[in-house]
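Written below as structure tokens is the structure these notes are about.
There are 2 protein chains.
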Amino acid sequence: MRTSIATVSLSGPLTEKLTAAARAGFDGVEIFENDLLATPLAPEEIRARTADLGLSIDLYQPMRDIEAVPPEEFARNLRRARHKFELMRRLGADTVLVCSSVSPLAVDDDALAAEQLGELAALARDFGIRVAYEALAWGRHVNTYEHAWSIVRAAGHPALGTCLDSFHILARGGDPKGIADIPGEKIFFLQLADAPLIAMDVLQWSRHYRCFPGQGGFDLAGLLRHVIATGYRGPLSLEVFNDVFRQAEAGETAVDARRSLLVLQEATGLARPPAPVVPTGVAFAELVTPDAAPVTGILGALGFTRTARHRSKPVDLWQQGEARVLVNTGPAGRRGGTVLAAVGLESPDPAGAARRAESLLAPVLPRRRAPEDAPLDAVAAPDGTELFFCGTPGSRAPQEEGDAPEPLDWTGDFEPVGDKPDGGHVTRIDHLALTQPWHQFDEAALFHRSVLGLSAQESVDVADPYGLHRSRAVTSADGGVRIALGVGPAPSGDAARTQHIALATDDVVGAARRFRAAGGRLLPVPANYYDDLAARFELGDGELDTYRELGILYDRDESGEFRHCYTETVGRVFFELVQRDGGYRGYGAQNAPVRLAAQHAARPGR
Amino acid sequence: MRTSIATVSLSGPLTEKLTAAARAGFDGVEIFENDLLATPLAPEEIRARTADLGLSIDLYQPMRDIEAVPPEEFARNLRRARHKFELMRRLGADTVLVCSSVSPLAVDDDALAAEQLGELAALARDFGIRVAYEALAWGRHVNTYEHAWSIVRAAGHPALGTCLDSFHILARGGDPKGIADIPGEKIFFLQLADAPLIAMDVLQWSRHYRCFPGQGGFDLAGLLRHVIATGYRGPLSLEVFNDVFRQAEAGETAVDARRSLLVLQEATGLARPPAPVVPTGVAFAELVTPDAAPVTGILGALGFTRTARHRSKPVDLWQQGEARVLVNTGPAGRRGGTVLAAVGLESPDPAGAARRAESLLAPVLPRRRAPEDAPLDAVAAPDGTELFFCGTPGSRAPQEEGDAPEPLDWTGDFEPVGDKPDGGHVTRIDHLALTQPWHQFDEAALFHRSVLGLSAQESVDVADPYGLHRSRAVTSADGGVRIALGVGPAPSGDAARTQHIALATDDVVGAARRFRAAGGRLLPVPANYYDDLAARFELGDGELDTYRELGILYDRDESGEFRHCYTETVGRVFFELVQRDGGYRGYGAQNAPVRLAAQHAARPGR
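Same order as they appear, the protein sequences are chains A and B. According to the numbering used here, the residues represented by the first sequence are 186 to 791, in order. According to the numbering used here, the residues represented by the second sequence are 186 to 791, in order.
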């Protein structure tokens, strides 16, 4: 089915919105009236521009407060409509959205509404235009899709149909089953929007908090299946009013929008992108740094050993157990200080994972490799982190028939330097925490879910001394891959966006002691925190003293325990040592405010 | 009565919160547990710090999920409470807040709740501590203040009382009249918070959207009168959870908080600051600029004449009708480009207005004047704009008895330069539009309301191509002073914060033609806007053509009409020509999206 997006969903002037929609691969657009009013382009120029971009204009919207009004008011409305139909002819738009009236002049009289909408449709037909009548969730007398449809049916005019909007239906708890009662050809348009499940005034919810399908809590796939079953063959169109998207870059929003629609199409059998290939583990985390010493100092104190060097690039492999950290001192590091720039994900089918990512519009990164290097497929996550799909050690890529299989094991690109890991306390990477750009928190979760096939956990609020953070983890079923996506309280530069690598250990006390003995500095934790621990949990005195001495934080959930501590921060990056016992599933969010305050206190200035 | 503020209402580390509260003049603080956990100061050090600052610790909070639970759970709760009471002894805090339980373990059994709270109070008394039991609006079984009080009464323990929180009472639509039934000595604490009247989940509303008294929609004065009538003599304490305040500077928030409490105290007869002196008109708007030519070019084309020069400063007075614009090329202009730095307000009692402002904690600005200058009292608005209280022409300030009255007419500081205004179309300053810092939109409205005695109008949302703006006007009753306070969609630098001076005319067409003839450039308005005007209003063709030619925007309300157009922007400042007819009360908000889009389009780059 064709895909479309309302211009109101994207930021900037109309021309930028159109370009963004076309580049993201949409087939058409809804022209939102305010965008037309504000553009210096004439309607004919907009028509030509959309055509040049390969876009159709699928809808002009909205017309408001038309129906069920006294005759003299309706005469004024028809006069207004005639102006708009003339405009639509110039624009080349053949469907107009009419929202159910919110006017105090409107009366509760379905027969009058049907009669006047029929008259409007008759006028529209003279211009070759169809009228799609939609129930606003806060319409004065008409606020359900069933009611709007019954008026359309009563009017019985061929140029009058209904428009379904998933927000207006689902926000009021409507049952989409009744959609089956509407003939597909009388559904003139379908608008799709999701929304987070928050209890609030429906008008405010609609105007500020809509989001793209899969970013909120509505069952859009269920609704869409009902619509498809009617025989509807019009476009799937996204109409999202969102305060954050209004501030975001239109090109990125359009790509996120189209990805969300692709995922919805996949869920309803309308599209069949390559199946997701869930990563099985973290092959490596790659730090890019202008100065390796502070980072390698920490890695060494944590028990990592430099085991290999890349054959063609200034990249060292530091290893401990199954935890691998690449330290890259190449040119990229000169730009932004020390950052976690890339993550290697172990995949049972790296090429398949890359095909999935590409089909869902993830930017595929050019392979910057020497001819002898293993073929690493990589895409960019919304925050710019490079995600490499790596084979498991010893795996080989399928080639053209007859060729010898190409080695997939990225470790073959590295030349051992002779040092063997000496058996420290770290076993693997437990999770990676990546702070997202402010505009892209919901997109980031959808990206990791849909592109990588990870599951998103609940979003949690975390109080920082200077604002609320939000955090949401995406994980594979067995916890082999865990990524904690975070976002700060407001737009802020990259420097404020910390990232961290959490290292799993079976003995966090031993690991912390070893780190300190080797000269490492752990983040100091206030004594008051431990007094509170003593009040909340019955820990042995010795245990508590040990935590207090080392700065180890403690948490417990219904299934297990979590002990963790933090190194100092280098550039944007710090490390965490974590010990999970008994199936603890979280990330110590309870302790995050104390950690954040301690990190602020440790930062010079502010 | 004593005033207090919860540390959670302010941003930053605990030490900064305490300093901010003390500097703003609060008598005490509530220590929020998370702030204590996150500080490196020991409880004894916090106690010493607050004492040094002249602050008492009026409350430690919160204790949660204590009451109406099975015995083994209650035993654990008592153990936890004992730890906290020990902590409070070190802290020197004698009252603890216990919130009604939200635990799934709690049962609906008032007798059990009373018995266990009584036991808790008995333990507290051993530490010299009082327990203040409060109904959370979302408490599992206890969620009204009447219910919490009935349990406290049933327990009958001298160390157990109730805590009233205006948010928890008013958010559920509770009737504060019943407060009269509680003996004042059993109200152990009073927490005050306002909130905007939005329909949303009460927990989210409470945790993210509380605000200071007078910034929201609750009748806090009504509630407070009931509390005072009981004989309550504890502190008036502000407890505000607000996402925006969490990001704001603690010192400014604390001052805004205390001002809001002073206004509430005034409203309930608990404080008698000097009465407000409502300004009667705008004496002048002062632009500070590093380069006068672009601004004076526009002023000249608008029909302004340079009529006088300040006797001691590089400031010119440009005048037309009753509109006066000062152009200051002094040192301040070299910092921030062209800005609207000061506003002169005509006041029937400038000294009284200044006393009012000072008593409400407005920063009083040093008088930077030569001995012969008129005494101008000035304060800083939250956005840094300097507000001067000016006498009306010819007025004289009262002096010490026997002295000759000092002239109050600021125009006497200016030396006429001989040019007389030539009678253009501008009659006066219609309004000033000042964009506020992101954190201070609500504070700005409260400041202008309480300090200047202006009335705040409804807040409106305005769509900009890159995000939503909000705008709210504060006005005097006769419209002699109108200030439109605006705020952009997110934190942004000063450069993005435009300001404008709207000039009233009885003939906007003539004024616009004159401006253009004199070489002025008006903001171009898209043709599509005028097609829409034609659809919405039956304007004569000639009228519409004239608007289209000149870029004049049009609006209408129930009482009148509004025609307006804009100059180009210089630095942060532009001018608007406005014609109000028939009692139109607004500011053309309907047209603001078109204006904002045109201004973005006119800006080079972006």
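Idealized CB from N, CA, C, for every residue including glycine. Given the structure is predicted, the values throughout are model-derived calculations rather than measurements.
Anything in the region 721–746 of chain A with a Cβ closer than 9 Å to a Cβ of chain B? List those residues in chain order, please. Contact annotation: in the region 721–746 of chain A, residues whose CB is within less than 9 Å of a CB in chain B are 721, 723.
Legend entry - Positions along the region 632–662 of chain B whose CB lies within less than 7 Å of some CB in chain A: So the close ones are 648, 650, 651, 652, 653.
Which residues does DSSP pair with residue 190/B in a beta bridge? Within the second sequence, the letter at position 5 stands for residue 190/B. According to DSSP, residue 190/B bridges with 214/B, 423/B.
According to DSSP, is residue 791/B helix, strand or coil? Position 606 of the second sequence, counted from the start, is the residue given in the question as residue 791/B. Confidence in residue 791/B is poor, its pLDDT being 41 and thus under 50, which makes the residue's placement unreliable; the coordinate value appears in the next sentence. Coil.
Assign residue 340/B to one of two classes, buried (16 or more other C-beta atoms within 10 Å of its C-beta) or exposed (fewer than that). Start at 1 with the first residue of the second sequence, and residue 340/B comes out as number 155. Per the 10 Å Cβ criterion, buried.
Checklist line | Helix, strand or coil at residue 413/B according to DSSP, with G and I counted as helix | finding: Counting from one through the second sequence, the residue named residue 413/B turns up at place 228. Residue 413/B: helix per DSSP, three-state reduction.
Original post:
Nearest to residue 628/B by alpha carbon, out of 372/B, 740/B, 545/B, 722/B?
Top reply: The residue you call residue 628/B lines up with position 443 of the second sequence. Ranked by Cα distance from residue 628/B, the options 372/B, 740/B, 545/B, 722/B are led by 545/B.
For this session: For the beta strand (DSSP E) holding residue 505/B, just list the boundary residues, first then last.
Result: Reading the second sequence from its first residue, position 320 is the one you call residue 505/B. First-last of the beta strand (DSSP E) with residue 505/B: 500–505.
Checklist entry - Which value, in whole angstroms, describes the spacing of the CA atoms of residue 738/B and residue 779/B? => result As a first step, residue 738/B is located in the second sequence; it is residue number 553 there, counting from the start. As a first step, residue 779/B is located in the second sequence; it is residue number 594 there, counting from the start. The straight-line gap from Cα to Cα measures roughly 9 Å.
Step through the CB atoms of chain B and report whether any lies within less than 8 Å of the CB of residue 323/A. The residue you call residue 323/A lines up with position 138 of the first sequence. No, its Cβ sits nowhere closer than 8 Å to a Cβ of chain B.
**Prompt:** Going straight from the alpha carbon of residue 271/B to that of residue 312/B, what length do you get?
**Reply:** Along the second sequence, read from residue 1 onward, the residue named residue 271/B stands at position 86. Along the second sequence, read from residue 1 onward, the residue named residue 312/B stands at position 127. Between the alpha carbons of residue 271/B and residue 312/B lies a distance of about 7 Å.
Neighbourhood of residue 636/A by C-beta, 6 Å cutoff - its chain only, sequence neighbours within 5 removed: Position 451 of the first sequence, counting from 1, holds the residue named residue 636/A. Taken in chain order, the residues that qualify are 542, 545, 547.
Exercise. Go ahead and pull the three-state DSSP assignment for residue 601/A.
Key: Position 416 of the first sequence, counting from 1, holds the residue named residue 601/A. Shown here, residue 601/A sits in a strand according to DSSP, grouped into three states.
### Query
Under a CB-based cut-off of 8 Å, is residue 427/A close to chain B?
By 1-based counting over the first sequence, the position of residue 427/A is 242. Not an interface residue.
Is it buried or exposed, residue 782/A, if we count other Cβ atoms within 10 angstroms and call 16 or more buried?
As a first step, residue 782/A must be located in the first sequence, where it is residue number 597. With 16 or more other Cβ atoms within 10 Å, it is buried.
Checklist line | Every unbroken alpha helix (DSSP H) within the region 678–725 of chain A, with a cutoff of 4 residues, ordered by chain | finding: As for any alpha helix (DSSP H) of minimum length 4 sitting wholly inside the region 678–725 of chain A, the runs are 693–702, 712–721, ordered along the chain.
| said: Please state the DSSP three-state secondary structure of residue 513/B. | reply: If you number the second sequence from 1, residue 513/B lands on position 328. If DSSP states are grouped into helix, strand and coil, residue 513/B belongs with the strands.
| For residue 281/A, three-class secondary structure by DSSP | Along the first sequence, one-based indexing puts residue 281/A at 96. In the structure shown, residue 281/A sits in a strand (DSSP, three-state: E or B).
- Query: Quick one: does residue 605/B have its CB under 8 Å from some CB of chain A?
  - Reply: Numbered from its first residue, the second sequence carries residue 605/B at position 420. So no, residue 605/B is outside the interface.
* Which residues in the same chain have their Cβ closer than 6 Å to the Cβ of residue 609/A, if we skip the five residues on either side of it in sequence? -> The residue you call residue 609/A lines up with position 424 of the first sequence. 488, 505, listed in sequence order.
Determine whether the Cβ of residue 206/B lies closer than 8 Å to any Cβ atom of chain A.
If you number the second sequence from 1, residue 206/B lands on position 21. Cβ-Cβ to chain A under 8 Å: no for residue 206/B.
TODO: Report the partner residues of residue 640/A according to the DSSP bridge assignment.
DONE: Here residue 640/A refers to the residue found at position 455 of the first sequence. 660/A, per the DSSP bridge assignment.
| task | Can you give me the Cβ contacts of residue 601/B inside the same chain, cut-off strictly under 8 Å, excluding the 5 residues immediately before and after it? | result | Counted from its first residue, the second sequence places residue 601/B at position 416. Scanning its chain for C-beta atoms nearer than 8 Å, with the 5 sequence neighbours on each side dropped, one finds around residue 601/B the residues 492, 493, in chain order.
**Q.** Close beta carbons around residue 263/A, own chain, < 8 Å, minus the five adjacent residues each side
**A.** To locate residue 263/A, count along the first sequence from 1; it is residue 78. Only 304, 305, 308 meet the Cβ criterion.
So residue 219/A contacts chain B; which residues on that side make the cut at Cβ distance below 7 Å? Taking the first sequence and counting its residues from 1, the one referred to as residue 219/A is at position 34. By Cβ distance, chain B contributes 648, 778.
Return helix, strand or coil for residue 354/A, following the three-state DSSP convention. Position 169 of the first sequence, counted from the first residue, corresponds to residue 354/A. For residue 354/A, the three-state secondary structure derived from DSSP is helix.
Q. In chain A, which residues lie with their C-beta within 9 Å of the C-beta of residue 719/B?
A. Position 534 of the second sequence, counted from the start, is the residue given in the question as residue 719/B. At a beta-carbon threshold of 9 Å, the residues of chain A lying near residue 719/B are 268, ordered along the chain.
Length of the line joining the Cα atoms of residue 530/A and residue 208/A
Along the first sequence, read from residue 1 onward, the residue named residue 530/A stands at position 345. Along the first sequence, read from residue 1 onward, the residue named residue 208/A stands at position 23. Taking the straight line joining both Cα atoms gives about 29 Å.
task: Under 8 Å Cβ to Cβ from residue 567/A, same chain only, skipping five residues before and after it: list those, please.
output: Looking up residue 567/A in the first sequence gives position 382. Excluding positions up to five away in sequence, the list reads 437, 441, 621, 622, 625, 628, 629, 632.
Exposure label - residue 477/A; buried when at least 16 CB within 10 Å:
Position 292 of the first sequence, counting from 1, holds the residue named residue 477/A. By the Cβ-count criterion, residue 477/A is buried, with 16 or more other Cβ atoms from all chains shown falling within 10 Å of its own Cβ.
_Cα-Cα separation, residue 694/B to residue 788/A_ = In the second sequence, the residue the question calls residue 694/B occupies position 509. In the first sequence, the residue the question calls residue 788/A occupies position 603. Those two C-alpha atoms are separated by around 59 Å.
At least 3 beta-carbon pairs within less than 8 Å: the region 366–376 of chain B vs the region 396–404 of chain B
The region 366–376 of chain B vs the region 396–404 of chain B: no contact.
Check the DSSP bridge columns for residue 385/A and list the partner residues they point to.
In the first sequence, residue 385/A corresponds to position 200, counting from 1. Answer is 385/B.
*asked:* I want to see whether chain A comes within less than 8 Å of residue 225/B, judged by CB atoms only; does it?
replied: In the second sequence, the residue the question calls residue 225/B occupies position 40. Yes, contact with chain A.
Discussion item. Cβ closer than 7 Å: which chain A residues qualify as neighbours of residue 353/B?
Written reply: As a first step, residue 353/B must be located in the second sequence, where it is residue number 168. By Cβ distance, chain A contributes nothing, its closest Cβ being about 17 Å from residue 353/B, past 7 Å.
Query raised in the report: Using the C-alpha atoms, what's the distance from residue 245/A back to residue 793/B?
Result: Past the edges of chain B, shown from 186 to 791, lies residue 793/B, and the structure says nothing about it.
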